[in-house]
Ligand SMILES: [Zn+2]
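Numbering (my numbering), first residue to last: 4 to 339.
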């Protein structure tokens with residue numbers, strides 16, 4: 004009988020030495036320690052054992068059960084702690100999670116590019132308030148009261164006297180009030196128009212205004228500066244033209260067009276089949292404006308220009324809806 008116990012113990016030793024998973028350890032429990040397991044069967048056999056041997060048999064089964072249970076428990080702990088370590092292990096060969104890095108908004112990038120180009124042409128940068136008085140937004144820019152030119156820009160009035168600026172041109176007045184000529188500056192900023200929101204227009208957008216005042220400024224210099232800007236911004240092979248236009252604060256006034264980059268001048272939907280795209284307005288500062296800032300119009304001449312940053316970016320990147328700039332859709336923003 005004792006040989007039988009030794010054999011079971013040997014078999015158990017062999018089985019336990021091969022355990023490597025939670026499933027293996029469970030098989031050991033079922034085989035030796037469950038209700039129908041080997042130990043349980045041995046206890047059942049106790050009934051058939053002759054009375055004089057019962058005590059010794061019982062003792063041996065108890066010893067075998069303690070031996071198996073001890074080793075089984077130790078092995079089970081070992082397997083459990085190993086498996087929990089494995090699940091928390093870092094696999095260094097796995098590809099890393101991509102870190103999403105933010106980027107500057109495309110309008111910020113466009114404005115920065117415009118600023119850099121004009122700085123390299125000798126312009127400094129000024130800013131002014133978005134809440135303006137009627138005086139700076141209209142009157143000092145030669146929009147007299149009740150002048151029809153005031154209707155060119157639909158205005159958000161805050162009160163009779165104050166409004167959200169409709170253009171960055173009032174900053175020209177503020178700069179000239181504070182500085183004696185020569186003045187050579189650009190003035191970027193947000194402007195507001197009471198317009199219906201659609202693919203082409205929005206109630207707010209950004210402009211960059213430019214101003215150069217000195218004793219000997221002429222229209223050719225204005226053209227030269229703007230062509231130099233456009234070539235640096237849109238590329239050297241760009242074609243351009245200037246068309247006569249009207250603004251109350253410049254005389255003469257012009258608008259600058261560049262060849263439509265989409266159809267290369269053949270005509271398409273974006274350029275309304277003209278082959279040209281308007282990129283900015285410009286002109287020689289009207290002598291009336293100089294009177295408001297106490298510059299002598301007999302002594303000084305100046306040029307000014309202004310462009311919409313959204314429009315410049317729409318054209319440069321072939322975007323067909325201005326609203327997308329303000330929606331903060333990350334799928335759009337990530338492309339730049
Ligand atoms: Zn076109």
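By construction, the Cβ of each residue, glycine as well, lies at the ideal position given by its N, Cα and C atoms.
Note that the coordinates shown come from a computational prediction; the quantities given were computed from them, not determined experimentally.
Residue 174 sits close to residue 131, with the two beta carbons spaced by under 8 Å.
Burial of residue 146 is indicated by the presence of at least 16 other C-beta atoms within 10 angstroms of its C-beta. Taking one beta carbon from each stretch, the stretch 108-122 and the stretch 223-243 have 3 or more pairs nearer than 8 Å; the two touch. For residue 173, the enclosing alpha helix (DSSP H) begins and ends at 173-181. Secondary structure note for residue 316: its alpha helix (DSSP H) is the uninterrupted segment 312-320. In the same chain as residue 236, and ignoring 5 residues on each side of it, the C-beta atoms closer than 8 Å to its own belong to 116, 117, 120, 315 and 319, in chain order. The beta carbon of residue 202 sits closer than 8 Å to those of 323, 324, 325 and 326, all from its chain and outside the five residues before and after it, given in chain order. Residue 78 and residue 102 have their alpha carbons spaced roughly 42 Å apart. Residue 339 has its alpha-carbon roughly 43 Å from the corresponding atom of residue 295.
With a cut-off of 7 Å, the C-beta of residue 125 is classified as distant from ligand 1, since no heavy atom of the ligand falls inside that distance. Of the other Cβ atoms in all chains shown, 16 or more fall within 10 Å of the Cβ of residue 176; this residue is therefore buried. When only Cα atoms are considered, residue 39 and residue 86 end up about 28 Å apart.
For residue 139, the closest alpha carbon among the candidates 93, 334, 114 and 178 is that of 178.
No heavy atom of ligand 1 is found nearer than 7 Å to the CB of residue 321.
Nearest Cα to residue 336 within the set 104, 148, 251 and 69: 104. Pairing residue 210 with residue 110 gives a Cβ-Cβ distance that is not under 8 Å. For residue 278, the shortest separation between its Cβ and any heavy atom of ligand 1 lies below 7 Å. Rounded to whole angstroms, the Cβ separation of residue 45 and residue 64 is 5 Å, and the two are in contact under 8 Å. DSSP, read as helix, strand or coil, puts residue 262 in strand. Note: residue 217 is bridge-paired with 304 in the DSSP secondary-structure output. Between ligand 1 and residue 194, a heavy atom-to-CB distance of less than 7 Å is absent. Between residue 331 and the set 107, 164 and 23, the nearest pair of CA atoms involves 107. Look at residue 230 here: in three-state DSSP terms it is helix.
Contact annotation: residue 283 and residue 309 have beta-carbon atoms nearer than 8 Å.
For the 8 Å CB-CB criterion, residue 288 and residue 245 do not form a contact. Here the C-alpha atom of residue 157 lies approximately 5 Å from the C-alpha atom of residue 196. For residue 281, the enclosing beta strand (DSSP E) starts and ends at 279-288. In this structure residue 181 is not in contact with residue 137, their Cβ atoms being roughly 20 Å apart against a cut-off of 8 Å.
The nearest non-hydrogen atom of ligand 1 is 7 Å or more from the C-beta of residue 285.
Take the alpha-carbon of residue 11 and the one of residue 82: they are about 23 Å apart. In the DSSP assignment, residue 250 falls within the unbroken beta strand (DSSP E) covering 243-250. By the neighbour-count definition (other C-beta atoms within 10 Å, threshold 16), residue 126 is a buried residue.
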